[in-house]
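Contents: one structure, followed by commentary.
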Amino acid sequence: MDLSEITIKDIALLLKITEENLAKLSEKAPHMYYIREMRKRNGGIRIIEAPHTSLKKIQKILLDQLFSGLSYDPILFGGKGSSTKKAVRRHTRKALVITLDIKNFFPNVKSHKVKKMFIRRGAKHDVADLLTRLVTYKNHLPQGAPTSPCIARLILNPVAIHIKRVVRSVKARIEPSIWVDDIIISGPKGLKRLKKTLISIFNRYDFQIPEEKFKIMPDNQEQVSLGIRLNDGIGVPSSYLQKYKAECKKLGASSKRCQGMKAHIRNLQN
3 MDLSEITIKD IALLLKITEE NLAKLSEKAP HMYYIREMRK RNGGIRIIEA PHTSLKKIQK
63 ILLDQLFSGL SYDPILFGGK GSSTKKAVRR HTRKALVITL DIKNFFPNVK SHKVKKMFIR
123 RGAKHDVADL LTRLVTYKNH LPQGAPTSPC IARLILNPVA IHIKRVVRSV KARIEPSIWV
183 DDIIISGPKG LKRLKKTLIS IFNRYDFQIP EEKFKIMPDN QEQVSLGIRL NDGIGVPSSY
243 LQKYKAECKK LGASSKRCQG MKAHIRNLQN
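Take 3 as the starting number for the sequence shown in my numbering and just add one per residue.
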């Protein structure tokens, strides 16, 4: 599927509003967000830019009826029916696991990148401009909109294809996968020689990989990605188990916090 046949009138019909109201909405959309903080599992804070209810409803329609039909490379995970377990399963029991984290990914996916992606998918300039305004906030991709994970995959699709082309040129079995802005690559221990090449690929597409976000994990140490232990199959990282025990000792095993952590552990073990 591409966007070449889609017109602004089609989008208005899809959203069940007039073209005039659609134009007004697109003017207001980049400002229809509120900010909240969400605690990460590792204790850090993630800033969530969430759309107001009316805009969120519009974005969900666009996601379900338009964006979800756009193709992307199968090494890009995070879509409907996907999970972190599926994203990392190919990286279990490997001699070496490398993880990369793109620096400030969502703030660095600027509106012009989103518009360029829509045009590359066949959209006319007026349609690309409209869609971009409906899914971006303050000139970037918001972390909190229902459309953002899908847009992220579409933005990273050329990167994924480039990575696959490079790893296939190496005469060894190397597995890559990408979960939003987290990249996992596994294979033989010689894989670490690709470090500079991998970083240069992301730099070429205007993304930065900080040195501290590039982790090389041989099989003689705990290999963890997306909060999942990989050494002997899908498992629970030792750090999470320690945190779970500490939380239960502090709050009690029946506390909501401990019950939630217990459910997460069961999910990884099943």
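Glycine is no exception: its CB is placed at the ideal position from the N, C-alpha and C atoms.
Less than 8 Å between the CB atoms is what I'm expecting for isoleucine 203 and isoleucine 165, so what's the real figure, rounded? Sequence index remark: in the sequence shown, residue 203 carries index 201 (1-based). Sequence index remark: in the sequence shown, residue 165 carries index 163 (1-based). Going by Cβ atoms, the distance from isoleucine 203 to isoleucine 165 rounds to 6 Å, so yes, they are a contact pair.
Across which residues does DSSP place leucine 98 in a beta bridge pair? By one-based count along the sequence shown, residue 98 stands at place 96. Looking at the DSSP assignment, leucine 98 forms a beta bridge with Gly189, Pro220.
Identified DSSP bridge partners for glycine 235: One-based indexing of the sequence shown puts residue 235 at position 233. Answer is Asn233.
Under 8 Å, do leucine 132 and isoleucine 19 count as touching if we go by C-beta distance? Locating residue 132 in the sequence shown gives position 130, where the first residue counts as 1. Locating residue 19 in the sequence shown gives position 17, where the first residue counts as 1. No.
Less than 8 Å between the C-beta atoms of threonine 86 and glycine 254, yes or no? Locating residue 86 in the sequence shown gives position 84, counting from the first residue. Locating residue 254 in the sequence shown gives position 252, counting from the first residue. The answer is no: Cβ separation not under 8 Å.
Proline 346, buried or exposed, once every other Cβ within 10 Å from all chains shown has been counted against 16: Within the shown structure, residues of the chain are numbered from 3 to 272, placing residue 346 beyond reach of any answer.
Cβ-based neighbour list, alanine 162, same chain, cut-off 8 Å, excluding 5 preceding and 5 following: For this step, residue 162 is matched to residue 160 along the sequence shown. Result list for alanine 162: Tyr74, Asp75, Ile77, Leu78, Pro178, Ile180, in chain order.
Could you compute how far the alpha carbon of leucine 72 sits from the alpha carbon of leucine 5? The residue labelled residue 72 in the question sits at position 70 within the sequence shown. The residue labelled residue 5 in the question sits at position 3 within the sequence shown. Approximately 9 Å, taken between the alpha carbons.
Just mark alanine 174 as buried or exposed, buried being the case when its beta carbon has 16 or more other beta carbons within 10 Å. Here the question's residue 174 lines up with position 172 in the sequence shown. Classification for alanine 174: exposed.
Should the region 212–223 be regarded as contacting the region 123–138, the criterion being three or more beta carbon pairs within less than 8 Å? no
Write down the C-beta distance between valine 99 and glutamine 271 rounded to the nearest angstrom, noting that I regard them as a contact closer than 8 Å. By one-based count along the sequence shown, residue 99 stands at place 97. By one-based count along the sequence shown, residue 271 stands at place 269. Not quite, the Cβ-Cβ distance comes to about 20 Å (not below 8 Å), so this is no contact.
Lysine 118 to valine 111, Cα distance in whole Å? To locate residue 118, count along the sequence shown from 1; it is residue 116. To locate residue 111, count along the sequence shown from 1; it is residue 109. Their backbone Cα atoms lie some 11 Å apart in a straight line.
Whole-angstrom C-beta distance between glycine 81 and cysteine 152, which should lie under 8 Å: Walking along the sequence shown from the start, residue 152 turns up at place 150. Walking along the sequence shown from the start, residue 81 turns up at place 79. 7 Å between Cβ atoms; contact.
For leucine 143, which three-state DSSP category applies? For the purposes of this step, residue 143 is taken as the residue at position 141 of the sequence shown. Note: leucine 143 maps to coil in three-state DSSP.
What is the C-beta distance between tyrosine 36 and proline 144, in whole angstroms, given that I count them as a contact (C-beta under 8 Å)? Counting from one through the sequence shown, the residue named residue 36 turns up at place 34. Counting from one through the sequence shown, the residue named residue 144 turns up at place 142. Rounded, the Cβ-Cβ distance is 11 Å, inconsistent with contact.
In chain order, what residues of the same chain have a beta carbon less than 6 Å from the beta carbon of alanine 97, not counting five sequence neighbours either side? Your numbering for residue 97 matches position 95 in the sequence shown. Once the five neighbours on either side are set aside, the close Cβ partners of alanine 97 are Pro190, Lys191, Asp221.
My guess is that alanine 154 and aspartate 183 are in contact by the Cβ rule of under 8 Å, so how many angstroms apart are they, rounded? One-based indexing of the sequence shown puts residue 154 at position 152. One-based indexing of the sequence shown puts residue 183 at position 181. Going by Cβ atoms, the distance from alanine 154 to aspartate 183 rounds to 7 Å, so yes, they are a contact pair.
Please classify phenylalanine 120: does DSSP put it in a helix, a strand, or coil? For the purposes of this step, residue 120 is taken as the residue at position 118 of the sequence shown. DSSP places phenylalanine 120 in helix when its eight states are reduced to three.
Measuring CA to CA, which of Asn205, Thr134, Asn233 is closest to lysine 105? Within the sequence shown, the letter at position 103 stands for residue 105. Comparing Cα-Cα distances from lysine 105 to each of Asn205, Thr134, Asn233, the minimum goes to Asn205.
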